[in-house]
Every structure is written in C-alpha cells, then in structure tokens.
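Below is one structure, written out as structure tokens, with a few remarks after it.
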Amino acid sequence: MAVTASAQRGLDALRRVTKAFIDDDPSTIVLIPNSTRTQVPGGGYDVTPGTPRAAQRFKLVADFGGDGITASDGAQIHQWSYTLIGMWDSVIEIGDSWVDGDTTYTVVSLLQNNGYEKRATVTASGREPNYG
21 MAVTASAQRG LDALRRVTKA FIDDDPSTIV LIPNSTRTQV PGGGYDVTPG
71 TPRAAQRFKL VADFGGDGIT ASDGAQIHQW SYTLIGMWDS VIEIGDSWVD
121 GDTTYTVVSL LQNNGYEKRA TVTASGREPN YG
C-alpha cells in the first residue's frame with residue numbers, strides 16, 4: 021500500500037532530501053526493460069530487450085563487502101548487490117537492466133512505494149563492479 025499525501029505530511033521535504041542525496045553522487049542510467057519472452061526447446065526462455073527508457077539519475081549504494089565471488093552450479097561467478105535509489109517518479113521495473121563495462125546490472129526487486137523515492141535491489145554480474 022502506498023503512503024498517501026494525507027498520511028505523509030512531510031512528503032515535499034522528503035522528496036527534497038532524496039533529491040539532495042542523489043545529487044551528491046549521481047549515476048545517469050538508461051534502464052532497458054526485458055519485454056519479450058520466447059520459449060525455446062528444453063523449456064527455457066530467451067528474453068528480448070525492450071526499448072530503452074529515457075536516461076534517469078539514480079544513487080547506487082553497494083550492499084556488499086569482499087570480492088563478490090559466489091558459487092553457482094559448480095562454478096564461481098562474480099556477483100554483487102546494490103540498492104538503486106531514484107526520485108519518486110522514476111520508472112523502474114523488475115527485470116530492467118543496463119550494462120556498464122563488462123558488468124550487467126539487473127533489477128531483481130522493488131521496495132514498497134513510499135511516495136518520496138523509488139528503491140530497487142539490483143544484482144551485478146561480471147568481472148568488476150563499476151559502482152561503490
């Protein structure tokens with residue numbers, strides 16, 4: 021359930037503080053939605069990227085420590101977690117992604133809408149993270 025203006029009297033102040041927090045160390049990101057899933061033989065899916073969204077300014081906060089090495093199906097992969105923070109009117113969806121260098125960043129969850137910011141959990145997979 022979203023917080024309404026009547027339940028959140030300091031909404032304008034919270035939006036200003038969120039903007040100042042993002043402006044302190046912003047990252048301009050073009051999110052690419054994954055819009056088409058096509059089933060392939062064997063039961064898997066190929067996902068076709070959708071039309072990139074307009075560039076938006078976010079703050080990326082690293083939620084990790086260490087080298088990011090994770091065991092997966094008998095192999096070791098590099099994976100990191102971030103919180104993506106945008107203004108309340110940012111457009112973010114689960115499955116959105118972007119690539120920076122050799123690393124792919126994917127939105128894996130959205131936190132509840134609070135009316136003054138949008139937060140998402142992002143997983144980064146690749147050689148080295150480029151943020152944080």
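Using the numbering used here, you'd call the opening residue of the sequence shown number 21 and step up by one each time.
Virtual Cβ for every residue (Gly too), placed ideally from N, Cα, C.
First through last residue of the alpha helix (DSSP H) which encompasses residue i
i   : result
F78 : First-last for F78: Q76 to A82, but that is the beta strand (DSSP E), not the alpha helix (DSSP H).
V60 : Taken as a continuous stretch (DSSP letters only), V60 belongs to no alpha helix (DSSP H), as it is neither H nor E.
D45 : From DSSP, D45 is part of no alpha helix (DSSP H); its letter is neither H nor E.
Residues sharing a beta bridge with residue i, DSSP
i    : result
N54  : P69
V119 : T124
L131 : Note: L131 sits in no beta bridge, so no partner.
Cβ-based neighbour list, residue i, same chain, cut-off 8 Å, excluding 5 preceding and 5 following
i    : result
A75  : T48, I49 and V50
G121 : G146, R147, E148 and N150
Neighbourhood of residue i by C-beta, 7 Å cutoff - its chain only, sequence neighbours within 5 removed
i    : result
W108 : R35, G135, Y136, E137 and K138
D66  : T58 and V60
T103 : V81, D83, R139 and T141
For residue i, the first and last residue of its enclosing beta strand (DSSP E)
i    : result
I97  : A95 to M107
V111 : It is not in any beta strand (DSSP E) - V111 carries neither H nor E in the DSSP assignment.
R139 : E137 to S145
Residues of its chain near residue i, where Cβ-Cβ distance is below 6 Å and the 5 sequence neighbours each way are ignored
i    : result
Y151 : L80
Option nearest residue i by Cα separation, candidates the options
i   : options            : result
D45 : T68, T56 and I105  : I105
R77 : T143, I42 and S129 : I42
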